[in-house]
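Novice:
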Amino acid sequence: MFSGKLRPPGRVRWPLLLAACLSLVACATAPYTGRQQVLLVSQEKELALGYQAFEQIKWRSRPARDPALQERVQKVGWRLARAADRPDFQWEFVVFENDKVANAFCLPGGKVGLYTGLFKYIQSDADLATIIAHETAHVLARHAGERLSHQRLAQVGGLALGVGLAAAGTNPVGSQAALLGYGLGSQLGVLLPYSRLQEAEADRIGLILMAKAGYDPELALRFWERFATAKGDRARLPEFLSSHPSNESRLQSIRAALVEARRYYLVSEPSGPALRGH
Numbered sequence: 012m013f014s015g016k017l018r019p020p021g022r023v024r025w026p027l028l029l030a031a032c033l034s035l036v037a038c039a040t041a042p043y044t045g046r047q048q049v050l051l052v053s054q055e056k057e058l059a060l061g062y063q064a065f066e067q068i069k070w071r072s073r074p075a076r077d078p079a080l081q082e083r084v085q086k087v088g089w090r091l092a093r094a095a096d097r098p099d100f101q102w103e104f105v106v107f108e109n110d111k112v113a114n115a116f117c118l119p120g121g122k123v124g125l126y127t128g129l130f131k132y133i134q135s136d137a138d139l140a141t142i143i144a145h146e147t148a149h150v151l152a153r154h155a156g157e158r159l160s161h162q163r164l165a166q167v168g169g170l171a172l173g174v175g176l177a178a179a180g181t182n183p184v185g186s187q188a189a190l191l192g193y194g195l196g197s198q199l200g201v202l203l204p205y206s207r208l209q210e211a212e213a214d215r216i217g218l219i220l221m222a223k224a225g226y227d228p229e230l231a232l233r234f235w236e237r238f239a240t241a242k243g244d245r246a247r248l249p250e251f252l253s254s255h256p257s258n259e260s261r262l263q264s265i266r267a268a269l270v271e272a273r274r275y276y277l278v279s280e281p282s283g284p285a286l287r288g289h
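Note that the working numbering has the sequence shown beginning at 12, numbered continuously upward.
(1) What is the C-beta distance between phenylalanine 100 and glycine 120, in whole angstroms, given that I count them as a contact (C-beta under 8 Å)?
(2) What's the gap between the Cα of proline 42 and the Cα of alanine 75?
(3) Rounded to a whole number of angstroms, what is the C-alpha to C-alpha distance between isoleucine 133 and leucine 208?
(4) Chain E beta carbons: is any one of them nearer than 8 Å to that of arginine 73?
(5) Considering only C-alpha positions, which residue in the set Val84, Pro98, Lys111, Trp89 is nearest to serine 135?
(6) Pull up the distance between the alpha-carbon of lysine 122 and that of tyrosine 62, whole angstroms please.
(7) For leucine 151, which of helix, strand or coil comes out of DSSP?
(8) So, using beta-carbon positions, are histidine 145 and alanine 213 closer together than 8 Å?
(9) Assess, as a yes-or-no matter, whether the segment 80-96 is touched by the segment 220-235 under the definition of 3 or more beta carbon pairs within less than 8 Å.
(10) State the start and end residues of the unbroken beta strand (DSSP E) segment that holds valine 106.
(11) Which one or two residues does DSSP pair with lysine 122 in a beta bridge?
(12) Quick check on leucine 118: buried or exposed, where buried means 16 or more other Cβ atoms within 10 Å of its Cβ?
(13) Can you give the Cα-Cα distance for alanine 39 and alanine 155, rounded to whole angstroms?
(14) Which class does alanine 272 belong to by DSSP, given the choice of helix, strand or coil?
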């Protein structure tokens with residue numbers, strides 16, 4: 012943390028500092044969509060963080076005690092894992108006991124969790140596959156590492172701006188206002204839009220994974236339509252303030268993505284190598 016005694020040595024060229032940091036950025040390509048990604052975190056680091064975090068979640072949260080429910084999720088989950096074709100990941104699918112939470116999550120390395128509150132909306136294995144495929148797509152596209160990278164770049168930008176303002180002799184009130192504006196701008200103009208983009212991308216890749224696993228991707232649209240009707244947009248923030256697209260935007264994107272996903276559904280057998288134990 013900086014102390015009040017820190018003084019920049021002469022004229023600090025803060026744009027050069029930012030450029031030097033940006034030069035360290037690694038680029039990658041998202042599967043199926045071909046979108047260029049910015050990744051500052053190695054996949055090895057991502058996997059280690061994901062595995063550690065999932066163990067902590069399993070320790071703090073209570074897995075559902077219904078063995079039939081866990082077995083059902085395992086069956087659908089491993090079918091999608093084979094379609095994802097990443098046998099190097101330590102895939103794991105766990106249902107956690109919480110009837111008040113209708114949500115699912117994923118962590119790097121193939122860790123997927125679902126809460127029991129979701130199952131009041133699930134009518135079939137295809138519905139379950141829709142949810143797990145969406146989370147599996149997040150894992151496959153390394154969205155967690157990408158979000159962490161964007162946050163780090165925003166922090167670097169804020170640091171560079173602070174150094175530049177100090178070097179220019181900007182008064183404290185003006186500096187605080189500039190840094191506040193930068194933080195708000197990076198959140199609304201970069202971080203949240205990227206989060207919404209990733210959600211749409213996970214829907215698109217998820218449809219493809221469903222199709223490759225032998226599930227009709229058309230059924231995903233029916234699930235999301237039903238889920239959107241049940242949940243509604245009444246309690247949601249405006250889309251530009253949200254990390255997720257609105258229901259209307261999401262359904263529109265899914266309809267468009269079905270054209271591509273249907274081509275993969277022509278292959279009836281799940282693709283990818285066999286995974287040990289499943």
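Each residue gets a CB set at the ideal place from its N, CA and C atoms; glycine is no exception.
Only a predicted model underlies this, so the values are computations on that prediction, with no experimental measurement involved.
Specialist: On the basis of the data shown:
(1) 5 Å
(2) 32 Å
(3) 25 Å
(4) Of the protein chains in this structure there is only one, and it is not chain E.
(5) Val84
(6) 7 Å
(7) helix
(8) yes
(9) yes
(10) 103-107
(11) Glu103, Leu118
(12) buried
(13) 14 Å
(14) helix
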